[in-house]
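Enquirer: My questions will all concern the structure given below.
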Amino acid sequence: MHTRSAGPLFNEVGAARYENAFIGGPHGQLASLEWILSTLSSSSITGANCLDIGSGSGRPVCSTLAAAGHRVLGVDVSEAMVAFASEHVPLATFTRADIRDFKVEENQKYDVVTSYFGLIAEISQQEILETLKKIGHEMLKPGGIFVWATVPVDVNLEEIMWMGKPVVVSNLAKDAAVEAVRDVAGLQIVNVVEEKFKPEKAVEAGICAEEDVWVEDHLYIWARKSA
1 MHTRSAGPLF NEVGAARYEN AFIGGPHGQL ASLEWILSTL SSSSITGANC
51 LDIGSGSGRP VCSTLAAAGH RVLGVDVSEA MVAFASEHVP LATFTRADIR
101 DFKVEENQKY DVVTSYFGLI AEISQQEILE TLKKIGHEML KPGGIFVWAT
151 VPVDVNLEEI MWMGKPVVVS NLAKDAAVEA VRDVAGLQIV NVVEEKFKPE
201 KAVEAGICAE EDVWVEDHLY IWARKSA
């Protein structure tokens with residue numbers, strides 16, 4: 001069994017197949033996007049600077065934010081995902097980058113930072129915490145919005161099978177994840193949403209066999225930086 005690093009793994013899966021597997025999006029993702037847009041609107045913020053970490057195919061996150069008139073940058077470690085997103089979501093900008101090495105200048109701070117399951121593969125728990133700290137203290141503007149979606153399980157650099165493919169992952173349990181956003185990133189928790197999701201369409205999309213798909217626990221943390 002050959003464990004794939006995150007970039008080659010998602011190159012192999014393919015952006016179109018990945019998108020088809022999650023078409024319609026988990027409800028928690030769509031609800032958080034609605035919250036982001038309504039919060040920006042109620043704050044009279046137009047043309048917000050948005051960063052999506054692990055942007056994948058670019059849909060629905062980057063496409064939704066860009067369609068609302070905001071400036072969106074999506075970063076991903078997969079060349080295939082970046083190429084697909086650049087073609088299919090022309091209103092946003094995409095680049096291949098590892099968020100651990102991503103530099104933010106003072107004049108490039110963001111009104112919105114999102115990461116939907118982008119801090120899981122090929123990253124340690126310590127690196128997750130360091131990234132959250134960077135998001136809260138370096139990336140977000142005062143009053144900025146952060147949404148983090150993850151699978152709330154306490155694992156560190158553990159090899160698992162994901163849709164029939166071996167990959168090394170890390171996650172934080174629910175309480176630790178909420179605590180990290182509050183105490184490490186220094187953000188105010190607005191909402192914590194839990195749901196179960198089964199990517200049943202992954203089989204139809206040709207990514208894996210039926211026995212390789214199971215119900216996942218999803219955790220969505222909505223947060224804001226103090227103004």
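First residue of the sequence shown? That's 1 in UniProt numbering, and the numbers climb one at a time after it.
Idealized CB from N, CA, C, for every residue including glycine.
Remember, it's a predicted structure, so these values are computed and weren't measured experimentally.
1) Out of 168, 185, 149, 187, point me to the one whose CA is closest to residue 216's CA.
2) Could you check where the beta strand (DSSP E) with residue 195 kicks off and where it finishes?
3) For residue 164 and residue 214, I'd like the C-alpha separation in whole angstroms.
4) Could you compute how far the alpha carbon of residue 76 sits from the alpha carbon of residue 122?
5) Give every residue of the same chain whose Cβ lies closer than 7 Å to the Cβ of residue 89, excluding the five residues on either side of it in the sequence, and list them in chain order.
6) DSSP three-state label for residue 122, please.
7) Are at least three pairs of beta-carbons, each pair with one atom in the stretch 105–118 and one in the stretch 49–57, less than 8 Å apart?
8) Find out if the Cβ-Cβ distance for the pair residue 207, residue 71 is shorter than 7 Å.
9) How is residue 185 classed by DSSP in three states: helix, strand or coil?
10) Between residue 32 and residue 147, how many whole angstroms is the CB-CB distance? I'm expecting something under 8 Å.
11) In three-state terms, what does DSSP make of residue 27?
12) By Cβ distance, which residues of its chain are closer than 7 Å to residue 19, with the 5 residues on each side in sequence left out?
13) According to DSSP, is residue 46 helix, strand or coil?
14) Rounded to whole angstroms, what's the CA-CA distance from residue 30 to residue 80? Just pull it up for me.
15) Is residue 184 closer than 7 Å to residue 133 when the C-beta atoms are compared?
16) Expressed to the nearest angstrom, what Euclidean distance is found between the alpha-carbon atoms of residue 224 and residue 34?
17) Would you kindly report the start and end of the unbroken alpha helix (DSSP H) that includes residue 84?
18) Hey, quick one: how far does the beta strand (DSSP E) through residue 159 stretch, first residue to last?
Expert: Let me spell this out:
1) Among 168, 185, 149, 187, the Cα nearest to that of residue 216 is on 149.
2) It spans 188–197 - the beta strand (DSSP E) in which residue 195 sits, taken as one unbroken run.
3) Each residue's Cα considered, the two are about 11 Å apart.
4) About 13 Å.
5) The answer, listed in chain order, is 58, 59, 62, 63, 66.
6) Three-state result, residue 122: coil.
7) Contact annotation: the stretch 105–118 touches the stretch 49–57, with at least three C-beta pairs closer than 8 Å.
8) Cβ atoms of residue 207 and residue 71: not closer than 7 Å.
9) Of the three classes helix, strand and coil, the one that applies to residue 185 here is coil, per DSSP.
10) The pair is a contact, with the Cβ atoms about 5 Å apart (cut-off 8 Å).
11) Here residue 27 sits in helix by DSSP.
12) For residue 19, where only same-chain residues beyond five positions count, the Cβ hits under 7 Å are 57, 59.
13) Three-state result, residue 46: coil.
14) Cα to Cα, residue 30 sits roughly 24 Å from residue 80.
15) If you check the CB distance, residue 133 and residue 184 come in under 7 Å.
16) Straight-line Cα distance between these residues: approximately 15 Å.
17) Residues 79–88.
18) For residue 159, the enclosing beta strand (DSSP E) begins and ends at 155–162.
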